[in-house]
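Structure, as structure tokens:
Number of protein chains: 2
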Amino acid sequence: MTLQKALVVGTGLIGTSAALALREKDVAVYLSDVDPDAVRLARELGAGRRWAGEEVDLAVIAVPPHLVGERLAALQKQSAARAYTDVASVKADPIADAERLGCDLTSYVPGHPLAGRERSGPAAARVDLFSGRPWALCPGAATGTAALRLTRELVSLCGAKAVVVGADEHDSAVALVSHAPHVVASAVAARLASADEVTLALAGQGLRDVTRIAAGNPLLWRMILAGNADPVAAVLDRIAADLASAASALRSGDLDRVTDLLRRGADGQGRISA
Amino acid sequence: MTLQKALVVGTGLIGTSAALALREKDVAVYLSDVDPDAVRLARELGAGRRWAGEEVDLAVIAVPPHLVGERLAALQKQSAARAYTDVASVKADPIADAERLGCDLTSYVPGHPLAGRERSGPAAARVDLFSGRPWALCPGAATGTAALRLTRELVSLCGAKAVVVGADEHDSAVALVSHAPHVVASAVAARLASADEVTLALAGQGLRDVTRIAAGNPLLWRMILAGNADPVAAVLDRIAADLASAASALRSGDLDRVTDLLRRGADGQGRISA
Numbered sequence: 001m002t003l004q005k006a007l008v009v010g011t012g013l014i015g016t017s018a019a020l021a022l023r024e025k026d027v028a029v030y031l032s033d034v035d036p037d038a039v040r041l042a043r044e045l046g047a048g049r050r051w052a053g054e055e056v057d058l059a060v061i062a063v064p065p066h067l068v069g070e071r072l073a074a075l076q077k078q079s080a081a082r083a084y085t086d087v088a089s090v091k092a093d094p095i096a097d098a099e100r101l102g103c104d105l106t107s108y109v110p111g112h113p114l115a116g117r118e119r120s121g122p123a124a125a126r127v128d129l130f131s132g133r134p135w136a137l138c139p140g141a142a143t144g145t146a147a148l149r150l151t152r153e154l155v156s157l158c159g160a161k162a163v164v165v166g167a168d169e170h171d172s173a174v175a176l177v178s179h180a181p182h183v184v185a186s187a188v189a190a191r192l193a194s195a196d197e198v199t200l201a202l203a204g205q206g207l208r209d210v211t212r213i214a215a216g217n218p219l220l221w222r223m224i225l226a227g228n229a230d231p232v233a234a235v236l237d238r239i240a241a242d243l244a245s246a247a248s249a250l251r252s253g254d255l256d257r258v259t260d261l262l263r264r265g266a267d268g269q270g271r272i273s274a
Numbered sequence: 001m002t003l004q005k006a007l008v009v010g011t012g013l014i015g016t017s018a019a020l021a022l023r024e025k026d027v028a029v030y031l032s033d034v035d036p037d038a039v040r041l042a043r044e045l046g047a048g049r050r051w052a053g054e055e056v057d058l059a060v061i062a063v064p065p066h067l068v069g070e071r072l073a074a075l076q077k078q079s080a081a082r083a084y085t086d087v088a089s090v091k092a093d094p095i096a097d098a099e100r101l102g103c104d105l106t107s108y109v110p111g112h113p114l115a116g117r118e119r120s121g122p123a124a125a126r127v128d129l130f131s132g133r134p135w136a137l138c139p140g141a142a143t144g145t146a147a148l149r150l151t152r153e154l155v156s157l158c159g160a161k162a163v164v165v166g167a168d169e170h171d172s173a174v175a176l177v178s179h180a181p182h183v184v185a186s187a188v189a190a191r192l193a194s195a196d197e198v199t200l201a202l203a204g205q206g207l208r209d210v211t212r213i214a215a216g217n218p219l220l221w222r223m224i225l226a227g228n229a230d231p232v233a234a235v236l237d238r239i240a241a242d243l244a245s246a247a248s249a250l251r252s253g254d255l256d257r258v259t260d261l262l263r264r265g266a267d268g269q270g271r272i273s274a
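Residue numbers (full-length UniProt numbering), protein chains in the order written: chain Z, 1 to 274; chain Y, 1 to 274.
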């Protein structure tokens with residue numbers, strides 16, 4: 001094992017969950033956060049000890065997407081780690097920030113674990129949050145093999161499955177499988193905000209499933225969507241067009257057009273089931 | 001107990017599940033279906049015995065929405081039961097059919113259990129399918145108290161919660177909480193039909209939840225949507241408008257507009273959680 005000491009920068013849900021998973025594998029974990037209460041809580045949960053500048057093998061930067069670049073630059077300036085990765089849910093913008101700030105790209109592996117909960121903060125952390133989940137890694141032309149090996153080890157120790165993908169391809173993919181579906185769930189759930197009690201009494205499991213992720217933190221999702229605006233907008237436009245077309249078809253009695261959408265939906269759903 | 005003998009007409013998922021629940025409470029259950037194999041399978045599952053014209057307390061008409069009226073008329077003509085209910089997911093059309101066909105409306109209680117599975121047919125039936133679920137009842141001005149009492153007993157024996165609501169109000173409500181969300185789930189899932197393998201590898205639990213119901217039978221849902229076309233179209237138009245507006249706001253950087261939708265979504269979701 002080459003990953004023996006790790007630093008987690010940002011002890012929120014994702015950072016603390018990764019720290020807990022690493023601790024379970026006997027990796028020494030150091031914790032850092034701008035909020036001292038967040039570090040204290042993560043320590044009390046057994047996620048590691050407070051970071052006092054110790055040099056580590058890998059630093060996991062678990063801060064909001066728009067802060068990744070500057071945090072990476074600062075950590076590299078003090079030679080905090082041999083390698084660095086982040087967990088932001090968009091990749092092109094943080095990479096562009098890192099380049100702009102003159103970061104060393106050989107030791108940086110952009111990453112994104114596809115896992116989360118509706119709750120945030122260290123108290124919501126789970127040692128098995130990443131178990132069986134995909135974890136995207138977006139090495140670029142400059143990425144060094146040592147950094148990639150350490151980051152792959154992190155993914156493996158967290159029980160996740162590494163998916164290597166280009167940054168732009170990643171952002172388009174998560175627009176389709178995560179970001180746009182979040183906005184769609186919000187739009188369905190938004191219709192319930194003014195619904196009467198009898199209507200709500202008829203809500204079943206299907207609606208609860210469709211809208212579950214709409215419970216996510218609006219300000220966190222504002223940041224995520226802002227960082228991936230164009231790919232998300234493109235997917236939303238296509239879904240909006242399909243829904244408007246279905247509405248028009250229902251009104252005109254063109255049920256074949258509606259059935260075609262239902263069939264395509266069943267096909268698409270089948271590709272991610274089982 | 002006044003419900004001692006029941007007839008289930010249509011031994012699909014819903015009919016057979018109701019039959020199993022009634023059998024568990026020692027109600028005598030008779031089974032009927034145009035498909036002899038469906039009746040045989042339901043009998044083998046312990047759902048009851050084949051109906052040979054015995055008069056019962058309550059007939060549960062579990063056939064597609066557009067067949068409810070004619071089946072009710074035929075059953076009433078042979079005095080099959082003291083009371084009748086149906087389980088169709090729309091209510092205004094079957095009631096209009098029943099009126100048009102001259103059915104006795106005093107013995108008919110339109111009903112709709114809000115429960116289902118992605119699979120259909122008697123083999124998918126579950127004795128606890130309705131447990132804890134809402135079951136809409138839409139008695140009209142003509143509905144007799146004896147019929148309503150028997151139907152309420154059915155709901156109770158199935159472990160469900162009766163929700164009394166007018167037929168038009170029901171149809172608008174289920175457009176919002178069930179039918180439109182199904183089309184939305186299909187539209188999200190349809191985007192996956194042509195996605196590449198790396199994109200699908202990044203799919204997480206959130207997407208699986210949002211799209212789960214899109215696995216439902218397209219031809220069954222075609223019928224359901226056709227029977228509730230205008231209310232569903234109205235909801236779909238509003239959701240499509242919200243998504244197109246969100247796409248436009250993302251492109252122009254108007255993040256407050258996006259955040260407002262996310263907030264309304266979190267509010268709406270909160271009304272059906274817990």
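Note that the Cβ used here is the ideal one computed from N, Cα and C, for glycine as well. These numbers come from a predicted model, not from an experiment.
**Asked** Can you tell me where the beta strand (DSSP E) with residue 85 of chain Z in it begins and where it stops?
**Response** Going by DSSP, residue 85 of chain Z is part of the beta strand (DSSP E) stretching over 81–86.
**Message:** Cβ closer than 9 Å: which chain Y residues qualify as neighbours of residue 42 of chain Z?
**Reply:** For residue 42 of chain Z, no chain Y residue has a Cβ inside 9 Å of its Cβ, as the nearest lies near 24 Å away.
**Request:** Provide the residue span of the alpha helix (DSSP H) that contains residue 156 of chain Z, from first to last.
**Result:** Residue range 145–157 is occupied by the alpha helix (DSSP H) that includes residue 156 of chain Z.
**Collapsed DSSP secondary structure at residue 271 of chain Z in the structure displayed** = If DSSP states are grouped into helix, strand and coil, residue 271 of chain Z belongs with coil.
**Asked** If you measure from the beta carbon of residue 65 of chain Y to each beta carbon in chain Z, is any gap under 8 Å?
**Response** By this cut-off, residue 65 of chain Y is not an interface position.
**Request:** Answer with buried or exposed for residue 206 of chain Y, where buried requires no fewer than 16 other C-beta atoms within 10 angstroms of its C-beta.
**Result:** Buried.
**Item:** Reference residue 126 of chain Y; option with closest CA among Y/190, Y/262 and Y/15
**Value:** For the set Y/190, Y/262 and Y/15, the Cα lying nearest the Cα of residue 126 of chain Y is the one of Y/15.
**Request:** On the DSSP bridge assignment, give the partners of residue 135 of chain Y in chain order.
**Result:** Its beta-bridge partners are Y/113 and Y/162.
**Prompt:** Starting from residue 58 of chain Z and walking both ways along the beta strand (DSSP E), at which residues does that stretch end?
**Reply:** For residue 58 of chain Z, the enclosing beta strand (DSSP E) has its first and last residue at 56–61.
**Prompt:** For a contact meaning CB atoms closer than 8 Å, what does residue 114 of chain Y contact in chain Z?
**Reply:** Result: 202, 203 and 204.
**Request:** Compare the beta carbon distance of residue 95 of chain Y and residue 42 of chain Y with 8 Å and say whether it is the shorter of the two.
**Result:** Taking 8 Å as the Cβ cut-off, residue 95 of chain Y and residue 42 of chain Y do not qualify as a contacting pair.
**Asked** Would you call residue 78 of chain Y buried or exposed, if buried means 16 or more other Cβ atoms sit within 10 Å of its Cβ?
**Response** When all chains shown are included, residue 78 of chain Y counts as exposed.
**Request:** Output, in chain order, the set of chain Y residues within a Cβ distance shorter than 8 Å of residue 261 of chain Z.
**Result:** Correct list: 183, 186, 187 and 190.
**Request:** Using 10 angstroms around the beta-carbon of residue 196 of chain Y, count the other beta-carbons present and answer buried if the total reaches 16, otherwise exposed.
**Result:** Looking at its Cβ environment, which holds fewer than 16 other Cβ atoms inside 10 Å, residue 196 of chain Y is exposed.
**Cβ separation of residue 239 of chain Y and residue 184 of chain Y, assumed to be a contact under 8 Å, to the nearest whole Å** = Their Cβ separation, rounded to whole angstroms, is 6 Å, which keeps residue 239 of chain Y and residue 184 of chain Y in contact under 8 Å.
**Beta carbon proximity, residue 86 of chain Z to chain Y, threshold 8 Å** = Among the CB atoms of chain Y, none fall inside 8 Å of the CB of residue 86 of chain Z.
**Item:** For residue 156 of chain Z and residue 20 of chain Z, the rounded distance between their alpha carbons
**Value:** Between residue 20 of chain Z and residue 156 of chain Z, the alpha-carbon positions lie close to 14 Å from each other.
**Item:** Sequence-distant residues of its chain with Cβ nearer than 7 Å to residue 250 of chain Z (five each side left out)
**Value:** The answer, listed in chain order, is 258.
**Message:** Closer than 9 Å between beta carbons: that is the criterion. Which residues of the stretch 123–140 of chain Z meet it against chain Y?
**Reply:** From the stretch 123–140 of chain Z, only 133, 134 and 136 have a Cβ closer than 9 Å to chain Y.
**Request:** Less than 8 Å between the CB atoms is what I'm expecting for residue 46 of chain Y and residue 23 of chain Y, so what's the real figure, rounded?
**Result:** Correct: roughly 6 Å between the Cβ atoms.
**Message:** When you compare the CB positions of residue 81 of chain Y and residue 99 of chain Y, do they come within less than 8 Å of one another, or not?
**Reply:** Result no, Cβ atoms of residue 81 of chain Y and residue 99 of chain Y do not sit closer than 8 Å.
**Request:** Count the CB pairs spanning the stretch 212–228 of chain Y and the stretch 223–235 of chain Z that are closer than 8 Å, and state whether there are at least three.
**Result:** No, the stretch 212–228 of chain Y does not touch the stretch 223–235 of chain Z.
**Prompt:** From residue 76 of chain Y to residue 17 of chain Y, what distance separates their C-alpha atoms?
**Reply:** If you take the alpha carbons of residue 76 of chain Y and residue 17 of chain Y, they lie about 24 Å apart.
**Assigned secondary structure, residue 50 of chain Z (DSSP; H/G/I helix, E/B strand, else coil)** = Residue 50 of chain Z falls in the strand class under three-state DSSP.
**Proximity test, Cβ basis, 8 Å: residue 178 of chain Y and chain Z** = Interface residue (Cβ-Cβ distance to chain Z less than 8 Å): residue 178 of chain Y is classified as such.
**Prompt:** What does residue 157 of chain Y reach in chain Z if we use C-beta pairs closer than 7 Å?
**Reply:** Neighbours of residue 157 of chain Y on chain Z: none; closest Cβ ~20 Å, over 7 Å.
**Item:** Reduced DSSP secondary structure (H/G/I, E/B, other) of residue 192 of chain Z
**Value:** It is coil, neither helix nor strand.
**Request:** Tell me residue 45 of chain Y's beta-bridge partners as DSSP assigns them.
**Result:** Residue 45 of chain Y is not bridged to any residue.
**Message:** What does the alpha-carbon distance come out to for the pair residue 121 of chain Z and residue 10 of chain Z?
**Reply:** In this model, residue 121 of chain Z and residue 10 of chain Z are separated by some 10 Å (Cα to Cα).
**Request:** Within its chain, find whatever has a CB closer than 7 Å to the CB of residue 92 of chain Y; leave out the 5 residues flanking it on each side and keep chain order.
**Result:** Hits under 7 Å: 167, 168 and 171.
**Message:** Does the CB of residue 78 of chain Z have a neighbour CB from chain Y at under 8 Å?
**Reply:** Between residue 78 of chain Z and chain Y, the shortest Cβ-Cβ separation is not below 8 Å.
**Message:** Assuming residue 32 of chain Z is part of the beta strand (DSSP E), what are its boundary residues?
**Reply:** Start and end: 28–32.
**Item:** Per-residue burial, residue 26 of chain Y [other beta carbons within 10 Å of its own, 16 or more giving buried]
**Value:** Per the 10 Å Cβ criterion, exposed.
**Message:** Under 8 Å, CB to CB, which of the residues in the stretch 219–233 of chain Z have a partner in chain Y?
**Reply:** Of all residues in the stretch 219–233 of chain Z, only 219, 221, 222, 225, 226, 229, 230, 232 and 233 come within less than 8 Å of chain Y when Cβ atoms are compared, listed by chain position.
**Prompt:** Do residue 145 of chain Z and residue 109 of chain Z have their CB atoms nearer than 8 Å?
**Reply:** Contact: no.
**Prompt:** Below 8 Å between beta carbons: does that hold for residue 49 of chain Z and residue 235 of chain Y?
**Reply:** The answer is no: Cβ separation not under 8 Å.
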